[in-house]
């Protein structure tokens with residue numbers, strides 16, 4: 131698997147794309163609430179919508195997202211789709 135990842139990385143770089151290095155354990159560093167907020171943001175909810183669902187202010191949601199971005203090494207909500215694929219979502223009630 132490592133050889134495949136190295137080849138894919140080289141091919142991306144050769145096309146001019148930027149390779150985002152991230153480690154699986156970085157996702158494990160997210161708290162349950164950070165992960166929940168990140169998944170809602172990934173799915174397109176605004177800070178206000180997330181806050182309403184979780185009984186938080188939009189500013190608190192923003193604060194959590196800043197920490198999520200730092201932990202995952204990303205800079206935008208758009209990058210959450212790659213950093214937190216749908217298949218890795220925490221089941222409801224956890």
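In the numbering used here, the protein residues as written are 131 to 224. For every residue, glycine included, the Cβ atom is placed at its ideal position computed from N, Cα and C. If you're wondering where the values come from, they're calculated on a predicted model, not measured in any experiment.
Report the option in the options whose CA atom is closest to the CA atom of residue i.
{"i": "residue 212", "options": "172, 142, 165, 134", "result": "172"}
{"i": "residue 159", "options": "206, 198, 204", "result": "198"}
{"i": "residue 194", "options": "174, 216, 209, 166", "result": "166"}
By the three-class DSSP mapping on this structure, what secondary structure does residue i have?
{"i": "residue 133", "result": "helix"}
{"i": "residue 160", "result": "coil"}
{"i": "residue 199", "result": "helix"}
{"i": "residue 206", "result": "coil"}
{"i": "residue 88", "result": "Past the boundaries of the shown model lies residue 88; the chain is included only from 131 to 224, so the question cannot be answered."}
{"i": "residue 178", "result": "helix"}
{"i": "residue 215", "result": "coil"}
{"i": "residue 186", "result": "coil"}
Below 8 Å on the Cβ atoms is my guess for residue i versus residue j; work out the distance and round it to an integer in Å.
{"i": "residue 214", "j": "residue 169", "result": "6 Å"}
Less than 8 Å separating the beta-carbons of residue i and residue j?
{"i": "residue 162", "j": "residue 180", "result": "no"}
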